[in-house]
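Participant: To convert a position in the sequence shown, counted from 1, into our numbering, add 17.
Every residue gets a Cβ at the ideal spot worked out from N, C-alpha and C, and that includes glycine.
No experiment lies behind these values; they were computed from the predicted model shown.
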Amino acid sequence: MSDPIDRTGLRPRYWDTVPLAKMTQKEWEALCDGCGKCCLNKLEDEETGEVALTRVACRLFDDTTCRCAQYPIRHQFVPECITLRVSNLDQHMYWMPVTCAYRLLWEGKPLFDWHPLISGSAESVHEAGVSMQLRTVPEFEIDEEDWEDHIIEEPT
Ligand code: SF4
Ligand code: SF4
């Protein structure tokens, strides 16, 4: 499958040298590794603030492609879907997956070798077993009270 994100014409290794706030829009978009984990429903412990991701995916998530099926018009169906920006990273990073490139860079960590920017292939995130490709259940099939039965293990 070809890479749905245009990762051409970017500055070499810009993710190592350019601060998040200084990236171009194209560089910003290219940080996404396509893992699909931010499209999962999460459970948050009210007391500890701990967040667990579940394999129960947003109704618009297509786990074959590992992408949103209606990305440009998604807010018509899922108004609460966030648009990640430098200005709201502080607000959202606590629940983003630990392998997410935005979170890694925000935490001052390097990207993994399987990131498409490094591997040169959109498939490497799937081959590394990091993505949610073919691993989700749609939210309309699972009662919210049963989501805890579908918590996924995150790398530590
Ligand atoms: S978790 Fe991060 S890297 Fe994965 S799909 Fe979402 S934004 Fe992209
Ligand atoms: S609307 Fe699309 S981008 Fe937003 S969480 Fe759902 S599948 Fe993901």
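1. In this structure, what does DSSP give as the bridge partners for ASP80?
2. With burial defined as no fewer than 16 other Cβ atoms inside 10 Å of the residue's Cβ, what is the status of ARG28: buried or exposed?
3. Output needed for ARG76: all residues of its chain with C-beta closer than 8 angstroms, excluding positions within five of it in sequence on either side, in chain order.
4. Quick check: what's the CA-CA separation for THR173 versus VAL115?
5. Leaving out five residues before and five after VAL103 in sequence, what residues of the same chain have Cβ atoms less than 6 angstroms from its Cβ?
6. Tell me the rounded alpha-carbon separation between LEU101 and ASP23.
7. Output needed for MET110: all residues of its chain with C-beta closer than 6 angstroms, excluding positions within five of it in sequence on either side, in chain order.
8. Around the Cβ of GLN42, are there at least 16 other Cβ atoms within 10 angstroms (buried) or fewer (exposed)?
9. Could you tell me the distance, in whole angstroms, from the CA atom of THR82 to the CA atom of ASP107?
10. Would you kindly work out how many angstroms separate the C-alpha atoms of GLN150 and LEU57, rounded to a whole number?
Facilitator: Answer, in terms of the structure:
1. Beta-bridge pairing links ASP80 to no other residue.
2. The residue is exposed, with fewer than 16 neighbouring Cβ atoms inside 10 Å.
3. Only PHE94, VAL95, PRO155, GLU156, PHE157 meet the Cβ criterion.
4. About 8 angstroms.
5. LEU37, ALA38
6. 18 angstroms
7. ARG120, TRP123
8. exposed
9. 29 angstroms
10. 12 angstroms
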